[in-house]
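Participant: Protein chains in written order, with the numbering used here: chain A, 1 to 338; chain B, 339 to 676. Quick reminder that beta carbons are idealized off the backbone N, C-alpha and C, glycines included.
There are 2 protein chains.
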Amino acid sequence: MRATTIHAARDIRLTDVATPSIGSPTEAVIKVTAGCICGSDLWPYRGENPITAGSTIGHECVGVVEEVGSAVTSFKAGDFVIVPFCHCDNTCAHCRAGITSACENVGFTESGQAEYALVTQAEGTMFKAEAPSDDDMLKSLLSLSDVMPTGWHAAVAAGVRPGGTAVVVGDGAVGLCGVLAASVMGAEKVVVMSRHEPRQQIAKAFGATHVIAERGKEGEEAIREITAGVGADAVLECVGTDQSMQTAFAVARPGSRVGFVGVPHGVELPVRRMFQKNVGLFGGVAPVRAYLDELLPKVLDGSINPGLVFDSVRPLDEVADGYRDMDERRAVKVMLLP
Amino acid sequence: MRATTIHAARDIRLTDVATPSIGSPTEAVIKVTAGCICGSDLWPYRGENPITAGSTIGHECVGVVEEVGSAVTSFKAGDFVIVPFCHCDNTCAHCRAGITSACENVGFTESGQAEYALVTQAEGTMFKAEAPSDDDMLKSLLSLSDVMPTGWHAAVAAGVRPGGTAVVVGDGAVGLCGVLAASVMGAEKVVVMSRHEPRQQIAKAFGATHVIAERGKEGEEAIREITAGVGADAVLECVGTDQSMQTAFAVARPGSRVGFVGVPHGVELPVRRMFQKNVGLFGGVAPVRAYLDELLPKVLDGSINPGLVFDSVRPLDEVADGYRDMDERRAVKVMLLP
Numbered sequence: 001m002r003a004t005t006i007h008a009a010r011d012i013r014l015t016d017v018a019t020p021s022i023g024s025p026t027e028a029v030i031k032v033t034a035g036c037i038c039g040s041d042l043w044p045y046r047g048e049n050p051i052t053a054g055s056t057i058g059h060e061c062v063g064v065v066e067e068v069g070s071a072v073t074s075f076k077a078g079d080f081v082i083v084p085f086c087h088c089d090n091t092c093a094h095c096r097a098g099i100t101s102a103c104e105n106v107g108f109t110e111s112g113q114a115e116y117a118l119v120t121q122a123e124g125t126m127f128k129a130e131a132p133s134d135d136d137m138l139k140s141l142l143s144l145s146d147v148m149p150t151g152w153h154a155a156v157a158a159g160v161r162p163g164g165t166a167v168v169v170g171d172g173a174v175g176l177c178g179v180l181a182a183s184v185m186g187a188e189k190v191v192v193m194s195r196h197e198p199r200q201q202i203a204k205a206f207g208a209t210h211v212i213a214e215r216g217k218e219g220e221e222a223i224r225e226i227t228a229g230v231g232a233d234a235v236l237e238c239v240g241t242d243q244s245m246q247t248a249f250a251v252a253r254p255g256s257r258v259g260f261v262g263v264p265h266g267v268e269l270p271v272r273r274m275f276q277k278n279v280g281l282f283g284g285v286a287p288v289r290a291y292l293d294e295l296l297p298k299v300l301d302g303s304i305n306p307g308l309v310f311d312s313v314r315p316l317d318e319v320a321d322g323y324r325d326m327d328e329r330r331a332v333k334v335m336l337l338p
Numbered sequence: 339m340r341a342t343t344i345h346a347a348r349d350i351r352l353t354d355v356a357t358p359s360i361g362s363p364t365e366a367v368i369k370v371t372a373g374c375i376c377g378s379d380l381w382p383y384r385g386e387n388p389i390t391a392g393s394t395i396g397h398e399c400v401g402v403v404e405e406v407g408s409a410v411t412s413f414k415a416g417d418f419v420i421v422p423f424c425h426c427d428n429t430c431a432h433c434r435a436g437i438t439s440a441c442e443n444v445g446f447t448e449s450g451q452a453e454y455a456l457v458t459q460a461e462g463t464m465f466k467a468e469a470p471s472d473d474d475m476l477k478s479l480l481s482l483s484d485v486m487p488t489g490w491h492a493a494v495a496a497g498v499r500p501g502g503t504a505v506v507v508g509d510g511a512v513g514l515c516g517v518l519a520a521s522v523m524g525a526e527k528v529v530v531m532s533r534h535e536p537r538q539q540i541a542k543a544f545g546a547t548h549v550i551a552e553r554g555k556e557g558e559e560a561i562r563e564i565t566a567g568v569g570a571d572a573v574l575e576c577v578g579t580d581q582s583m584q585t586a587f588a589v590a591r592p593g594s595r596v597g598f599v600g601v602p603h604g605v606e607l608p609v610r611r612m613f614q615k616n617v618g619l620f621g622g623v624a625p626v627r628a629y630l631d632e633l634l635p636k637v638l639d640g641s642i643n644p645g646l647v648f649d650s651v652r653p654l655d656e657v658a659d660g661y662r663d664m665d666e667r668r669a670v671k672v673m674l675l676p
């Protein structure tokens, strides 16, 4: 099959690789309807994560079941499914506690930017949906494989509640979905830190009430003003750099929590400040599967439209251009059609 | 007045210093009935915190109001009061949110191991109680100035709920109060990590169901067994060293929180593990005042007896011996009588 592979920093190719096949009774093979590029794919793309040359890349997709293993009973060939990027059996103690991303049998989609993908724990992971009738619905369903539940997780971890102020650090697709989540959860003020006009527009469509273009001390000062000097009631850290984490802690009010979903890179947590101000940290790899019961109905009834984060659609052949667009911030998020 | 002063590592003296007097309308002077030595006093005692030679030390006390400033209307000379170690106005936004330890006008008791102590925000800080009729009640009331609410804060921050397993890392007086808190909050299994027999006994009296004497990998393995491989539902970190923090995160189940109240010293938080396992961190300086409405009645009706942590009582003159006893672990916690 045709699949996206990474060979070195900034070296993304479409390559012929073996089509996945069932190797264990719990697996399923999905014919990918749409995949996409994740902000976290840019870490290896930029050479900031180790690269195994020639390995497939891409962990988000939706598609049609091609084949299932013998232990998979709730799905059959032809079903349209959302594929949470982290696979789970949905029966172990961690899954039952809602942390499906820490499943004892956790696995990950490894060829979401390809023609076919393997789901290691198909029964517990996949989520059936009606095949989308248009591109907008396709985008929103695709967002449910990672980016929307990840933004949602940031808001849950930060403890967003009705009323009060939520600050979102990061205007990538996850941050924007964090804005949407905080808004849906009823935050009165939703502040996004963003200096990119197209992203600001999406943030506003998602319910942002304030846009802060300043960074560092100036950005912190702007948030102090919005919160009358008290600090934010909930902070969503959606980047993963040390700078974004420091900003998150600087603007959080005492007693609040930073919800973090940006894969941490070079982050040194300000433990003394956390202690002195009683600001907590919670979050991590989003338990995507656990949120779909709640999020899919919201997509279907139109109360949320997370697909808006996809401002670019390309055929799979152009995947390398898609990476370039995202790396250079010409696109927020690129949907790929095999 | 006679007051405890620190001059260098392991150099604790009883010295004559100026008796505190009212310098601002919000203040009160307390004649100390009983003070005590805190585990955190051992950091400077051991030379692990900077020392200003000759400065007073000691932040926990109960006593009788000697004099109040003109802005203090709810207290008068002769009242017996608990003095939370961190002073607060109890009116600012942080106090109203329950984080009195981050009060905009925060202050600290600076001569709790002395004849008199100054409370900078008397109206918002002090808590009236009937003068204790015996030493046992005196001990329990004294514990409410810091150690018991701090253990309670660890349990609140860790999210202890009825059922499940709470693990307490640390068998100092705060850790023991954490055991008591977790037990009162209804944890089904309360595990204390302790290898000191006298402390194990207090822990059991406070409701510990399991005592783990092993440390490091062996201690973690013991907790894995108790929790059927899943990990603890809540972990109370009551030490503040890097080792205790690593242990806390190693035994916490995915989706749980480590509640930390040990002043962090040389701690490097395992941010990757926190992210991958979705284990949060919450806590800090305990908002003592905010918990007294709940804790004092429990002391008065005998449902908790936190005074048990005081296994040594000395006249103030013997304060240096008290420090030595605690440093060498011959005493859990020393009450001092001026």
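Within 7 Å (strictly less), CB to CB, does L269(A) reach chain B?
Facilitator: Locating residue 269(A) in the first sequence gives position 269, counting from the first residue. Yes, contact with chain B.
Participant: Using a Cβ-Cβ cut-off of 7 Å, state whether K189(A) counts as contacting chain B.
Facilitator: As a working note, residue 189(A) is residue 189 in the first sequence. Look at K189(A): its C-beta is not under 7 Å from any C-beta on chain B.
Participant: Less than 7 Å between the C-beta atoms of D655(B) and A669(B), yes or no?
Facilitator: Within the second sequence, numbered from 1, the residue matching residue 655(B) stands at position 317. Within the second sequence, numbered from 1, the residue matching residue 669(B) stands at position 331. Contact flag unset, no.
Participant: Considering only DSSP beta bridges, list what C61(A) is partnered with.
Facilitator: Position 61 of the first sequence, counting from 1, holds the residue named residue 61(A). For C61(A), the beta-bridge partners assigned by DSSP are G35(A) and V83(A).
Participant: Counting only Cβ-Cβ distances shorter than 8 Å, please list the residues of the stretch 417–451 of chain B near chain A, keeping chain order.
Facilitator: A431, H432, A435, G436, I437, S439 and A440
Participant: Measure from the alpha carbon of E365(B) to the alpha carbon of each residue in A520(B), V457(B) and G554(B), then state which is nearest.
Facilitator: By 1-based counting over the second sequence, the position of residue 365(B) is 27. That would be V457(B), whose Cα lies nearest to the Cα of E365(B).
Participant: Rank V156(A), H196(A), K277(A) and P287(A) by C-alpha distance to the C-alpha of V184(A) and give the top, closest one.
Facilitator: On the first sequence, residue 184(A) is found 184 positions in, with the first residue counted as 1. Ranking the options by Cα distance to V184(A), first place goes to V156(A).
Participant: Please state whether DSSP places P625(B) in a helix, a strand or coil.
Facilitator: The count along the second sequence starts at 1 and reaches residue 625(B) at position 287. Coil.
Participant: For the beta strand (DSSP E) that contains D349(B), what are its first and last residues?
Facilitator: To locate residue 349(B), count along the second sequence from 1; it is residue 11. Counting along the chain, the beta strand (DSSP E) containing D349(B) begins and ends at D349 to D354.
Participant: Starting from the beta carbon of F587(B), find every residue of chain A whose beta carbon is closer than 8 Å, and list them in chain order.
Facilitator: Position 249 of the second sequence, counted from the start, is the residue given in the question as residue 587(B). Correct list: empty, because the minimum Cβ distance to chain A is about 12 Å.
Participant: Among the residues of its own chain, which have a CB less than 6 Å from the CB of V190(A), if the five just before and after it don't count?
Facilitator: Locating residue 190(A) in the first sequence gives position 190, counting from the first residue. Correct list, in chain order: A166, V179, A182, S183, G207, A208 and T209.
Participant: If you follow the alpha helix (DSSP H) that A203(A) is in, where does it begin and where does it stop?
Facilitator: On the first sequence, position 203 is the one that residue 203(A) refers to. Run containing A203(A): E197 to A205, per the alpha helix (DSSP H) assignment.
Participant: Secondary structure at S140(A), three-state DSSP: helix, strand or coil?
Facilitator: Residue mapping note: residue 140(A) aligns to position 140 of the first sequence, counting from 1. Helix, per DSSP.
Participant: Whole angstroms are fine: how far does the CA of C95(A) sit from the CA of G445(B)?
Facilitator: To locate residue 445(B), count along the second sequence from 1; it is residue 107. To locate residue 95(A), count along the first sequence from 1; it is residue 95. Approximately 45 Å between the Cα atoms of the pair.
Participant: At 4 residues or longer, and completely inside the stretch 81–118 of chain A: list those alpha helix (DSSP H) runs for me, N to C.
Facilitator: 93–96
Participant: Provide the residue span of the beta strand (DSSP E) that contains A252(A), from first to last.
Facilitator: Translated into the one-based positions of the first sequence, residue 252(A) becomes position 252. A252(A) -> beta strand (DSSP E) spans A252 to F260.
Participant: In the stretch 512–576 of chain B, which residue ranges form an unbroken beta strand (DSSP E) of at least 3 residues, counting only runs that do not cross its ends?
Facilitator: 527–531, 548–550 and 570–575
Participant: Judging by CA-CA distance, which residue of I368(B), N616(B) and H534(B) is the nearest neighbour of P358(B)?
Facilitator: Within the second sequence, numbered from 1, the residue matching residue 358(B) stands at position 20. Selected option, being the one with the closest Cα: I368(B).
Participant: Looking at the secondary structure, which residues open and close the alpha helix (DSSP H) in which R652(B) lies?
Facilitator: Counting from 1 along the second sequence, the entry for residue 652(B) is found at position 314. Careful: R652(B) lies outside any alpha helix (DSSP H), inside the beta strand (DSSP E) at S650 to P653.
Participant: On the premise that N616(B) lies in contact with I99(A), defined as a C-beta separation below 8 Å, what is that separation, rounded to the nearest angstrom?
Facilitator: Residue mapping note: residue 99(A) aligns to position 99 of the first sequence, counting from 1. Residue mapping note: residue 616(B) aligns to position 278 of the second sequence, counting from 1. About 5 Å; that satisfies the 8 Å criterion.
Participant: If we call anything under 7 Å between Cβ atoms a contact, is I389(B) one with I344(B)?
Facilitator: Walking along the second sequence from the start, residue 389(B) turns up at place 51. Walking along the second sequence from the start, residue 344(B) turns up at place 6. It is a contact, given that the beta carbons lie within the stated cut-off.
Participant: Below 7 Å between beta carbons: does that hold for L176(A) and V309(A)?
Facilitator: The count along the first sequence starts at 1 and reaches residue 176(A) at position 176. The count along the first sequence starts at 1 and reaches residue 309(A) at position 309. It is a contact, given that the beta carbons lie within the stated cut-off.
Participant: Indicate whether the contact test is met: 3 or more Cβ pairs, each with one atom in the stretch 391–405 of chain B and one in the stretch 620–628 of chain B, closer than 8 Å.
Facilitator: no
Participant: Which bits of chain B does V285(A) rub up against, with CB to CB less than 8 Å?
Facilitator: The residue you call residue 285(A) lines up with position 285 of the first sequence. Per Cβ cutoff of 8 Å: F613, Q614 and N616.
Participant: With a CB to CB cut of under 7 Å and the five nearest residues on each side skipped, what residues in its chain are close to E386(B)?
Facilitator: The residue you call residue 386(B) lines up with position 48 of the second sequence. Excluding positions up to five away in sequence, the list reads H603.
Participant: So the candidates are P422(B), T488(B) and D427(B); which of them puts its Cα closest to the Cα of A409(B)?
Facilitator: Taking the first residue of the second sequence as 1, we reach residue 409(B) at position 71. Out of P422(B), T488(B) and D427(B), D427(B) has the C-alpha closest to the C-alpha of A409(B).
Participant: Run through chain A and tell me which residues come within less than 7 Å of V568(B), C-beta to C-beta.
Facilitator: Mapped onto the second sequence, residue 568(B) falls at position 230. Within chain A, the residues near V568(B) are A93.
Participant: Count the other C-beta atoms from every protein chain shown that fall within 10 angstroms of the C-beta of S594(B), then say buried if there are 16 or more, exposed otherwise.
Facilitator: The count along the second sequence starts at 1 and reaches residue 594(B) at position 256. When all chains shown are included, S594(B) counts as buried.
Participant: Cβ closer than 8 Å: which chain B residues qualify as neighbours of V64(A)?
Facilitator: The count along the first sequence starts at 1 and reaches residue 64(A) at position 64. Correct list: empty, because the minimum Cβ distance to chain B is about 31 Å.
Participant: Are the CB atoms of A234(A) and V423(A) within a distance shorter than 7 Å?
Facilitator: Within the shown structure, residues of chain A are numbered from 1 to 338, placing residue 423(A) beyond reach of any answer.
Participant: For S393(B), which three-state DSSP category applies?
Facilitator: Position 55 of the second sequence holds residue 393(B). In this structure, S393(B) counts as strand in the three-state DSSP scheme.
Participant: From the DSSP output, read off the bridge partner residues of R2(A).
Facilitator: Position 2 of the first sequence holds residue 2(A). Its beta-bridge partners are D16(A).
Participant: Helix, strand or coil, according to DSSP, for E656(B) in the structure here?
Facilitator: Indexing the second sequence from 1 puts residue 656(B) at position 318. Three-state result, E656(B): helix.
Participant: Beta-carbon separation of A129(A) and F85(A) under 7 Å?
Facilitator: As a first step, residue 129(A) is located in the first sequence; it is residue number 129 there, counting from the start. As a first step, residue 85(A) is located in the first sequence; it is residue number 85 there, counting from the start. Their beta carbons are not under 7 Å apart, which means A129(A) does not touch F85(A) by this criterion.
Participant: Which of the three DSSP states is assigned to T26(A) in this structure?
Facilitator: Reading the first sequence from its first residue, position 26 is the one you call residue 26(A). Residue state, collapsed to three classes: coil.
Participant: Please decide whether P254(A) counts as near chain B, where near means a Cβ-Cβ distance under 7 Å.
Facilitator: The residue labelled residue 254(A) in the question sits at position 254 within the first sequence. Yes, because at least one Cβ of chain B sits closer than 7 Å to the Cβ of P254(A).
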